[in-house]
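In our numbering, the protein residues as written are 23 to 237.
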Ligand code: 13P
């Protein structure tokens, strides 16, 4: 079982990532939580501790049965993180955030439809909004996992969003992209009814994303 000082590199990267969320404007205070896969389990931010006060030793390591190892209590949303790591082998890091525009749409229980080709960055033709359940519950995790079927991001009704990627950089980048899409969709709705792309157009965008990377 890893001791609190194990996984030093991932601990430092996770603290940096958690603090970056505040700077990127997609989180505030102790809202949201971040994790990274580490060995046979994952490291996760502790519950209720603002990121600017979080140190590498405050992070909690958990195995995939949800057994914690650390001085602090894990994030109340550890079940969502655990369940994504267990179900999605490509998940190397996860961000949960109460980003303002994503949360605005989530409070209206709206999916983000195929209004812009970048929706494909989350893996499919839309970004679903999972039904509401109390934060920190297994029920909420079940709703999130269902909304993430075939996707790397979803909204959580009356709550926020979840995004994951192969590593912390990619999970953060997707969380930022989902927030930008939520803002763009909200803005478009102020002026009218956004024209949606066709399924075929989205399928083409999804196909092109398979090899969208720098040389
Ligand atoms: P934690 O501080 O327990 O991570 O909870 C924050 C949150 O956003 C719950 O959904």
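The beta carbon of each residue, even a glycine, is placed where N, CA and C say it ideally should be.
Nearest in C-alpha terms to residue 92, of all of 66, 111, 99 and 108, is 66. When distances are taken from the beta-carbon of residue 226 to the heavy atoms of the ligand 13P, even the shortest one reaches 6 Å or more. When Cβ pairs closer than 8 Å are counted between the two stretches, the segment 29 to 40 is seen not to touch the segment 163 to 179, the count staying below three. A check of alpha carbon separations from residue 223 across 61, 175, 206 and 148 identifies 148 as the nearest. For the segment 34 to 86, the continuous beta strand (DSSP E) assignments of 3+ residues that do not extend past its boundaries occur at 55 to 60, 63 to 66 and 82 to 85, in sequence order. The beta carbon of residue 52 sits closer than 7 Å to those of 70, 71 and 72, all from its chain and outside the five residues before and after it, given in chain order. Taken atom to atom, the span from the alpha-carbon of residue 85 to that of residue 103 is near 11 Å. Only exposed fits residue 109, as fewer than 16 other CB atoms lie within 10 angstroms of its CB. Measuring C-alpha to C-alpha distances from residue 99 to each of 146, 57, 50 and 175 identifies 57 as the nearest.
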